[in-house]
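Down below is the structure, laid out as structure tokens.
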Ligand SMILES: [Zn+2]
């Protein structure tokens, strides 16, 4: 998954599209949501700021942070960064998407990534559901069940998914309103 394609960073004002992210240690919640929304997002809980800057620069990832000091370091090395100031995840996500002109997301689990490990998801086979430990009730209710190819975590479109879909809708509304304001 890690492609060590190193070039001098900072030549372009914005990173590649779609952007890949590196969320700083405070932004676990944003990282999990970006992954579910399908964005390749690294998140490491215990990591020093200088390591974040160094790894993100090498991998051309956009650093997400609320920390002004960390953001200053990113600017100094001409890396990609977004300084988040929103008080909630919807504000922060809308800000990130506006910055990269990402259209409101239509949640499609096939492109989603694992919230836990950033791995890619695949459709689970019906014959495997029992051995995967999927409860019978879930097997009956949900046709589509996904499994992370990296850590084997299972996903289906339950309540949590609906909350995320709702959040995606709110982010979309926010983007739409702010673009109309100019
Ligand atoms: Zn995983």
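Numbering (the working numbering), first residue to last: 85 to 266. Ideal placement from N, C-alpha and C gives every residue a C-beta, glycine not left out. Quick caveat, the model's predicted, so the values are computed rather than measured.
Item                                                                                                                                                                                : Value
Does the Cβ of residue 203 lie closer than 6 angstroms to at least one heavy atom of ligand 1?                                                                                      : yes
Can the beta-carbon of residue 231 be found less than 7 angstroms from the beta-carbon of residue 206?                                                                              : yes
Would you call the CB atoms of residue 111 and residue 143 closer than 7 angstroms?                                                                                                 : no
Going by C-alpha to C-alpha distance, which of 196, 175, 237 sits closest to residue 216?                                                                                           : 237
Using a Cβ-based criterion (distance less than 6 angstroms to any ligand heavy atom), does residue 234 qualify as near ligand 1?                                                    : yes
Under a three-way DSSP split, which group does residue 129 fall into?                                                                                                               : coil
Could you pull the start and end residues of the alpha helix (DSSP H) that residue 164 belongs to?                                                                                  : First-last for residue 164: undefined, no H or E at that position.
Give a yes or no on whether the C-beta atoms belonging to residue 122 and residue 195 are separated by under 7 angstroms.                                                           : yes
Quick one: grab the DSSP three-state call for residue 214.                                                                                                                          : coil
From the DSSP output, read off the bridge partner residues of residue 204.                                                                                                          : 197
Do the CB positions of residue 225 and residue 174 come within less than 7 angstroms of each other?                                                                                 : no
For residue 137, collect the residues of the same chain with a Cβ closer than 8 angstroms to its Cβ; drop the 5 residues on either side in sequence, then sort them by chain order. : 147, 154, 157, 158, 161, 163
Please tell me whether, using a cut-off of 6 angstroms, the distance from the CB of residue 100 to the nearest non-hydrogen atom of ligand 3 is below it.                           : No copy of ligand 3 appears in this structure; the ligands present are ligand 1.
Just list the residues that DSSP pairs residue 181 with in beta bridges.                                                                                                            : Answer is none; residue 181 lacks a bridge partner.
Which whole-angstrom value describes the C-beta separation of residue 229 and residue 208, a residue pair presumed to lie in contact below a C-beta threshold of 8 angstroms?       : 5 angstroms
Between 201, 141, 240, 100, which lies nearest to residue 118 when the distance is taken from Cα to Cα?                                                                             : 201
Per DSSP, what kind of secondary structure is residue 236 in: helix, strand or coil?                                                                                                : coil
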